[in-house]
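Below: the structure, in structure tokens.
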Amino acid sequence: MPDFASIFAAIDPAVVEPDVLTDTTDETLLDTPWRVILFDDDIHTFEDVILQLMKATGCSEQQGEKHAWTVHTRGKDLVYEGEFFECFRVQGVLKEIQLVTEIEG
């Protein structure tokens with residue numbers, strides 16, 4: 338098959354090959370900081386939430402307690418920030434006991 342760009346360039350040297358755009362939005366979006374938000378509910382105890390946060394995020398008991406209090410008093414808290422797939426894993430662990438979460442990016 339003929340290379341039309343080179344044929345047209347030979348006929349008219351002013352013809353320039355078009356730029357090729359590459360789409361990297363999917364890769365870029367996955368690398369941006371994602372956040373796991375934990376919402377308040379009337380079902381789980383503070384201890385349930387703290388232990389599950391420790392399991393999901395690897396935080397200390399004190400940090401888990403701090404998150405639990407923020408969720409209780411403000412209705413929600415950012416409990417984890419990182420790459421999308423890690424946030425997805427953290428959310429999965431929190432949902433093991435039906436905690437209400439959301440991933441924002």
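The sequence shown: position 14 = 351 (my numbering), numbered continuously. All C-beta atoms in this analysis are idealised placements derived from N, C-alpha and C, irrespective of residue type, glycine included.
Residue from the options with nearest C-alpha to residue i
| i | options | result |
| --- | --- | --- |
| Val386 | Ile440, Phe421, Val416 | Val416 |
| Glu402 | Ile440, Thr438, Ile434, Phe383 | Phe383 |
| Glu420 | Asp414, Gln428, Ser397 | Gln428 |
| Glu441 | Val430, Cys424, Leu431 | Cys424 |
| His381 | Ser397, Gly395, Trp406 | Trp406 |
| His409 | Leu436, Phe422, Glu418 | Leu436 |
| Asp297 | Asp414, Val430, Phe422 | Because the chain in this structure spans residues 338 to 442, residue 297 falls outside the shown range and cannot be described. |
| Gln389 | Glu418, Leu431, Gln400 | Leu431 |
Euclidean distance between Cα positions of residue i and residue j
| i | j | result |
| --- | --- | --- |
| Phe376 | Thr369 | 22 Å |
| Met391 | Arg426 | 13 Å |
| Gly395 | Gly412 | 22 Å |
| Glu433 | Trp371 | 20 Å |
| Ser397 | Val373 | 17 Å |
| Glu418 | Gln399 | 18 Å |
| Glu439 | Phe422 | 13 Å |
Residue range of the beta strand (DSSP E) that includes residue i
| i | result |
| --- | --- |
| Ile374 | 371 to 376 |
### Any beta strand (DSSP E) of 3 or more consecutive residues that is wholly inside the stretch 413 to 438
413 to 419
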